[in-house]
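J.: Attaching a single structure in structure tokens format; questions to follow.
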Amino acid sequence: MDPVEAVRLASKGKRPHLSKLASSDAVMKVLRELIERCWHQEPTKRPSFVEIVGILDGQVNKLPRREVLGGGGGQTGGNSGCCSVQ
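So for the sequence shown, my numbering puts the first residue at 443; every next one is plus one.
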């Protein structure tokens, strides 16, 4: 769908389906609900940016941590990671 078509549909209250976020996972459920609140037709019923950031921060803290290996360490020379340019 091109941007003009997206604007036209949004102005009629149409929104994309969030089937990819239809999960039993608690984080995905919160994100889906947040997106739907942001799309509310009545602007005063949409969450503020402060509320959005608070919700997103809370969800990020619930995600599993993964160790990141190599790269981006700011070192030069040698084999310091995946993105060294010599």
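Positions of the beta carbon are idealized from the N, C-alpha and C atoms, including for glycine. Remember, predicted model here, so these are calculated numbers, not experimental data.
Classify residue 511 as helix, strand or coil using the three-state DSSP reduction.
T.: Numbered from its first residue, the sequence shown carries residue 511 at position 69. Of the three classes helix, strand and coil, the one that applies to residue 511 here is coil, per DSSP.
J.: Does residue 504 come out as helix, strand or coil in the three-state DSSP assignment?
T.: The count along the sequence shown starts at 1 and reaches residue 504 at position 62. Of the three classes helix, strand and coil, the one that applies to residue 504 here is coil, per DSSP.
J.: Mapping DSSP to helix, strand and coil, what is residue 452?
T.: Within the sequence shown, the letter at position 10 stands for residue 452. Three-state result, residue 452: helix.
J.: Looking only at C-alpha atoms, which of 478, 455 and 488 sits nearest to residue 464?
T.: Position 22 of the sequence shown, counted from the start, is the residue given in the question as residue 464. Per the Cα distances, 478.
J.: Mapping the DSSP letters down to three states, classify residue 460 as helix, strand or coil.
T.: Along the sequence shown, one-based indexing puts residue 460 at 18. Reduced to three states, the DSSP call for residue 460 is coil.
J.: Using the Cα positions of residue 483 and residue 511, report the straight-line distance between them to the nearest angstrom.
T.: In the sequence shown, residue 483 corresponds to position 41, counting from 1. In the sequence shown, residue 511 corresponds to position 69, counting from 1. Cα to Cα, residue 483 sits roughly 44 angstroms from residue 511.
J.: Taking the alpha carbon of residue 474 as the reference point, which residue from 495, 448, 490 and 459 has its own alpha carbon closest?
T.: If you number the sequence shown from 1, residue 474 lands on position 32. For the residues 495, 448, 490 and 459, the minimum Cα distance to residue 474 belongs to 459.
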